[in-house]
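Structure first, then comments.
Protein chains: 6
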Amino acid sequence: MHPLMMGSLSWVEYQQRLQDGNAIVLIPCGALEQHGPHLPLGTDALLSTAIAQSVAEQISGIVAPTVSYGYKSQPKSGGGQHFPGTTSLDGNSLIQMIRDVVRELARQGADQIVVLNGHYENQWFLTEGIELAVRDMGSASKLRVMRVEYWEFLTENILAQVFPDGFPGFALEHAAVMETSLMAHYHPKLVRLDLIPDVPPVEFPAYDVYPQRPEWVPASGVLSSAKAATAEKGALMADHLTRTIAAAVQREFQLSSALAASNGMAALR
Amino acid sequence: MHPLMMGSLSWVEYQQRLQDGNAIVLIPCGALEQHGPHLPLGTDALLSTAIAQSVAEQISGIVAPTVSYGYKSQPKSGGGQHFPGTTSLDGNSLIQMIRDVVRELARQGADQIVVLNGHYENQWFLTEGIELAVRDMGSASKLRVMRVEYWEFLTENILAQVFPDGFPGFALEHAAVMETSLMAHYHPKLVRLDLIPDVPPVEFPAYDVYPQRPEWVPASGVLSSAKAATAEKGALMADHLTRTIAAAVQREFQLSSALAASNGMAALR
Amino acid sequence: MHPLMMGSLSWVEYQQRLQDGNAIVLIPCGALEQHGPHLPLGTDALLSTAIAQSVAEQISGIVAPTVSYGYKSQPKSGGGQHFPGTTSLDGNSLIQMIRDVVRELARQGADQIVVLNGHYENQWFLTEGIELAVRDMGSASKLRVMRVEYWEFLTENILAQVFPDGFPGFALEHAAVMETSLMAHYHPKLVRLDLIPDVPPVEFPAYDVYPQRPEWVPASGVLSSAKAATAEKGALMADHLTRTIAAAVQREFQLSSALAASNGMAALR
Amino acid sequence: MHPLMMGSLSWVEYQQRLQDGNAIVLIPCGALEQHGPHLPLGTDALLSTAIAQSVAEQISGIVAPTVSYGYKSQPKSGGGQHFPGTTSLDGNSLIQMIRDVVRELARQGADQIVVLNGHYENQWFLTEGIELAVRDMGSASKLRVMRVEYWEFLTENILAQVFPDGFPGFALEHAAVMETSLMAHYHPKLVRLDLIPDVPPVEFPAYDVYPQRPEWVPASGVLSSAKAATAEKGALMADHLTRTIAAAVQREFQLSSALAASNGMAALR
Amino acid sequence: MHPLMMGSLSWVEYQQRLQDGNAIVLIPCGALEQHGPHLPLGTDALLSTAIAQSVAEQISGIVAPTVSYGYKSQPKSGGGQHFPGTTSLDGNSLIQMIRDVVRELARQGADQIVVLNGHYENQWFLTEGIELAVRDMGSASKLRVMRVEYWEFLTENILAQVFPDGFPGFALEHAAVMETSLMAHYHPKLVRLDLIPDVPPVEFPAYDVYPQRPEWVPASGVLSSAKAATAEKGALMADHLTRTIAAAVQREFQLSSALAASNGMAALR
Amino acid sequence: MHPLMMGSLSWVEYQQRLQDGNAIVLIPCGALEQHGPHLPLGTDALLSTAIAQSVAEQISGIVAPTVSYGYKSQPKSGGGQHFPGTTSLDGNSLIQMIRDVVRELARQGADQIVVLNGHYENQWFLTEGIELAVRDMGSASKLRVMRVEYWEFLTENILAQVFPDGFPGFALEHAAVMETSLMAHYHPKLVRLDLIPDVPPVEFPAYDVYPQRPEWVPASGVLSSAKAATAEKGALMADHLTRTIAAAVQREFQLSSALAASNGMAALR
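Chains A, B, C, D, E and F supply the protein sequences, listed in that same order. Just so it is clear: in the first sequence, position 222 is 222 by this note's numbering, and no numbers are missing. Just so it is clear: in the second sequence, position 193 is 462 by this note's numbering, and no numbers are missing. Just so it is clear: in the third sequence, position 73 is 611 by this note's numbering, and no numbers are missing. Just so it is clear: in the fourth sequence, position 251 is 1058 by this note's numbering, and no numbers are missing. Just so it is clear: in the fifth sequence, position 60 is 1136 by this note's numbering, and no numbers are missing. Just so it is clear: in the sixth sequence, position 103 is 1448 by this note's numbering, and no numbers are missing.
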């Protein structure tokens, strides 16, 4: 059990952290979703948790328990709901879950919160949960919540190193080079490099259709090949993400007012 | 009143259309949201409605009444909730609205439905509304629903013509060249080209923060300049969108089974 | 596009209107519901929108986008849910929709709102949506919301002119003389006078029964004949409604305190 | 405890009634709402219960426990929410309550249900609760639900006897002659005839406004005088209502198919 | 009709009670649930109402209308949902019902409320309803709500007298000695002592399973024999409960601050 | 990462498990709640997860991701909501979460599910979530769900060994001997035996009151002393729980039909 995990702290220790001031709480959000034959169903939760821990180490943050179930997998970003093991929440269930957790943390004075998302399909339901928690707390509250999709912090420079043959876009980066490399770095025992399917990038239509079309998705559930994944690439990305997310969080919560200056934006990426 | 609008048909005429078979109903979804000083608050609803009408003409479709209110505007894609006139729905309200409309249309035999979205922030709440309606109808239903964000049908070729100096990405295309050109084509009287602010593209952090930060967004509400917008570019895009969306809709509903063949995907874009 | 429509204003123009003071926002509410073979499915939305525009012209009001879907059609007032094209919302979906729109308008300072209803079945769900928005805003808010069913402003004098042979009651006035005449005035191209069925007034039991009984309702969907409808009667009613609703709105919002005097009531009708 | 009350039956007795066939369950719905200084807060629940019992006696029906709380009182029909003791439910709470009760009764084979409403403001939320229960049960269910507002069964003939000087309309019949007479008949000990205020009928505007306007309503909460109320008039109405509602219920559930014939309608009133 | 019942008071009388200060409102909560062949379906509602009335007499309290429907019966505490007549609410429906009633009472100044529960399965949904109402009212409110399961006030001394052969635990006290004795005391005409089944106490597994297992439960619905029930035991318990609950309520609302002293706890049992 | 954890399996491995038949999925449910100065906030989640893993080893079960947040802490069972770090869900949020997870697992053929609860306050919201999922799946589904509060499997014999001086009841067993011993067995590094407060058992009133009373609860959050806790007692209980829960699960799912025989009950405890 990681010493930065809120679930490992006694309430007395947590209280002390709040009283010391500047406590930042990170809430990792994942999913239980197919990630091909070579990665586990919990990949999104494992990665968001691992990155949250890495960031927390840099900023003396506290990592709240992971929200391990996420919104419904979509064919074009996660392969879709038909894969055994993909176990998803209705949109409003996820909204209310995040709303409650954020509001509860804020009720006790934790007003610097980072929702760290590792599952593409979660983004807008997390957004609404946060928006509602902020509204619940009222305009007098000091609550500030950052919502981070970790992959948004990967710069062109990093992507060029990870994808020397060209970045296919995050849309197809499901169970592919990025996630597999990060898993190989953070959880090598859970990765079966020998089982990575060698598939060309999937081409999807410009729209979505419901009921979802399993036939749009390769049988493996992988949207573009992870063959080029390595633990070294994972370490490279993990290091970059840790540093840049940690910097953004500190800057955001310490220097809120300075953020308005537009020339401060680039440095945060 | 457009003769393809469902609201203009009597129930007898609508029944006839259903009985003739292959009736396709399009539901335009927009928002009431700031679009800079030069475009009206209803831009997203106007454009999704106009494109739905253009597509309906091609495929003898029927356009259901527009859902004119949408999900909360976000700073990085719509400028944010602080602009006067931006009037938004909670996520679950929009989910339930779409769920009801799709389920009701399907209840009466309209089982080929296109949800045509013109507001970026709507996408995931429309998705959930459709997913729930499909679940409500049960596995025996023949209901199929396409969800279309119209801009996803703009090809690299078209974008190169519209943005000869480089495409800044859809993220910044709020009240900018794409929307302004389309409005100049479809609703020229509602565009004030003389009021287009000349702003550089906004740089945003890689994350979001709540309560939303008005200071991240230019005072005008425009995220990148619309100076290069013209009605001609609007006509070019409108023509392309109409043809490609109409083709995709027809193909999807006519040739559902053939869609499984992966080499059929590219042609749909 | 009407210049009084909120959806046609830029946010800058809307802000100016709010800052000028006394801005009144009208929200037309309709339905997508059968109205016999001679009127379009969108009749309730079209009429509430047209009347809202007429009123707005008198009082420099602003017309928000129409809520085009309404509560489930009932046999005794709208013919019922079995007519193709009648596409309805669940009660709570409509409640939340109105709640959100009213609260959002009020959040930005529009605290004089008129919900103008054109669909009989909407009334109580609109009421609850307004009640909840008022509660959300809190007791310190200056928000005041009028809920208007437009037909309630028809006086005995007007009804006597429109129905020289006796007024059958609003209950049977679905797709009948009142609505057909108003449509012939406001939207003549959407009325097919030649298709008006010649039916005697329907007699209904004193109760309702569920599942709804299609056999209670004439096959045409018309509850009493519209044969006597004319554009002139429509003009007469439209003129009266516009003047009296405009007067009531102005009086209500300008002279709120004076309303308590009971002798001021009659003049408002 | 009345022997027709479901709450007084053992489950064995209730099962026997279901197995005997043709069991009809009545659900009285009321409110806790001011009814002037002379009638108790529970008037609507007491009257709907008393009438349900009277009807049940005629048709060997079973009276389920009364739903004693109702939707928010409105100034023009119930005086409004500002009177102490008026204790109301949100619309959706009432919808879900009725939905559950109807669905649960139907789950066990009670498929002939009468929702007997005594509170004007309840009507549409009861309607939606019933509509949802019917949808929940699916199209294969034999469930049929009647919704009865008891006053709708008062014929012109009866009204002429009760109101020899002219009927002011049900809108103003709150805590007035009808309800007071019925209470004097059913619950004489709960009526304080000496406290009936002598007020002229209230004149209301043609619209509603929120927050509700206490100043629209007489301080007593009575919308038109109950001075003419007598137990004899109550007995007259009670007898008429019992007979006609009982007849309608029996006819509706026994002769469902015959109801389609339009000439059968008038007899049911 | 009991003079302490809120439903029997006029609003003027209720207002007077609130103005006199210290008004305490009790809300009895029951269920419609099988209670063996010898007790009526309404037992839980009848007992919570009777005890609320007895307590109200002692403390000049006011008894609000009974919430007569409760949460789903569970095999191990109430026999389960399969018995005809057991008619239950979904959890959230009950939560919202209690939330509304408590908040509404508090809105008008009744800030000393007792939710008196007579149905084991209700407890946690009542808890949540109360928690939400308290949150709705805000931290400035003086609202205090007690939640009482009446059987928790039976002391070991009393239980020893009622169960001379040993108390089987409240879990099996469904339609058994405690409830039957109390019913024989409060509602003797509704008890059929001759129909009490002579069954040994049921042995249940340590877990629950869903769908519920009817075969776990005796066909009679009785979980342990009520043969030893007498009206005298009922009187003994009723007297004890009335006195101790009344004392606890008065002490709680009068001496709130003193409650913190731990040596004051025992006296309240 | 434990090899029995669903989150560690690839979808292919999980599919294989489902196809092998008899797959049993366990869902551990905990809370983030104060557990005194000597146990971590995540105790309930850690223990339910550890026991689920132990049971899964015995029965080749699969452990789904832990639901780490639970219902609001109550003073008499968990110390209450005022302790820093106690971070709770609204009741309906938890209901919907469990409903979704159970329904999703069942959708893919996992129809033998155990919800293993480690947080007292969760019980009834888990119950409702399961009841709703079972209803969602319909009567044709083979889904069976066990809900286990692990402490219910502690027999009198085991309790006598763990509490040689007498068992104070589960009500006071929060952060006390049972939980501390189990944590000392499963997670010794997270227990601070030196910080166990030496407190007498708390005496609580027979009722609850809201807003919750912090003064009812010892400042430490411990309801009865954990001084007698040892890892050996933890091992004793863990071994017993693992064996008896595993046996009950296997018997329940293998021998469902035999369960109806009442003499089979005792053996399951």
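All residues carry an ideal CB built from backbone N, CA and C; glycine is no exception.
Counting only runs that start and end inside the stretch 1470 to 1515 of chain F, the beta strand (DSSP E) elements of at least 3 residues fall at 1489 to 1494. With fewer than 16 other Cβ atoms from the protein chains shown falling within 10 Å of its own Cβ, S1136 of chain E counts as exposed. Leaving aside the five residues that flank L126 of chain A on each side, the residues in its chain whose CB is nearer than 7 Å to its CB run, in chain order, C29, I98, V115, N117, R147. Here the C-alpha atom of A445 of chain B lies approximately 19 Å from the C-alpha atom of D508 of chain B.
Burial of E928 of chain D is indicated by the presence of at least 16 other C-beta atoms within 10 angstroms of its C-beta.
Bridge pairing for P566 of chain C: C:L654 [DSSP].
Chain-ordered, the chain C residues with CB closer than 7 Å to the CB of F352 of chain B read W549.
In the three-state DSSP reduction, D1284 of chain E falls in the strand class (E or B).
Contact annotation for F960 of chain D against chain C: A744 [CB-CB distance below 7 Å, chain order].
DSSP places H509 of chain B inside the alpha helix (DSSP H), whose first and last residues are 500 to 523. What F663 of chain C touches in chain D, judged by beta-carbon distance under 9 Å, is G898, W931, F932, E935, going in chain order.
Cα atoms of Q968 of chain D and T962 of chain D: separation of roughly 10 Å, rounded to the nearest angstrom. Against chain B, the CB of Y210 of chain A has a partner CB under 7 Å away; the residue lies at that interface. Counting the other CB atoms within 10 Å of its CB gives N630 of chain C a total of 16 or more, which places it among the buried residues. When Cβ-Cβ separations below 7 Å define contact, M415 of chain B makes contact with chain A. For chain C, none of the residues of the stretch 827 to 841 of chain D brings a beta carbon within less than 8 Å of one of its beta carbons.
Each of E:L1165, E:L1266, E:R1289 was checked against the Cα of S817 of chain D, and the nearest Cα belongs to E:L1266. With a threshold of 7 Å between beta carbons, V134 of chain A makes contact with chain B.
R1183 of chain E and R1558 of chain F have their C-alpha atoms spaced approximately 22 Å apart.
Cβ neighbours of A871 of chain D within its own chain (closer than 6 Å, five residues either side excluded): M813, V832, I834.
When the Cα atoms are used, L731 of chain C and A722 of chain C turn out to be separated by approximately 9 Å. Residue pairing by DSSP places S88 of chain A opposite A:G70 in a beta bridge.
In this structure, the straight-line span from the alpha carbon of I734 of chain C to that of T604 of chain C is close to 27 Å. Chain E places no beta carbon closer than 7 Å to that of L989 of chain D, leaving this residue out of the contacts.
CA-to-CA, the gap between L1181 of chain E and L896 of chain D works out to about 11 Å. Cβ neighbours of W1227 of chain E within its own chain (closer than 6 Å, five residues either side excluded): F1246. The straight-line gap separating the alpha-carbon atoms of V1325 of chain E and W1200 of chain E is approximately 20 Å. G290 of chain B sits exposed, since fewer than 16 C-beta atoms from the chains shown fall within 10 Å of its C-beta.
For L670 of chain C against D649 of chain C, the beta-carbon gap comes to about 16 Å, at or over 8 Å, which does not count as contact. Residue pairing by DSSP places M274 of chain B opposite B:V332 in a beta bridge. With a threshold of 7 Å between beta carbons, M1173 of chain E makes contact with chain D.
Annotation for D736 of chain C: S763, K765 place their beta carbon closer than 8 Å to its own, counting only its chain and skipping 5 residues before and after. Here L1538 of chain F carries a helix assignment [DSSP, helix/strand/coil].
Buried is the label assigned to P1012 of chain D, since at least 16 other Cβ atoms lie within 10 Å of its Cβ. Among the CB atoms of chain E, none fall inside 7 Å of the CB of Y993 of chain D.
Just so you know, the alpha carbons of Y609 of chain C and S884 of chain D end up roughly 22 Å apart.
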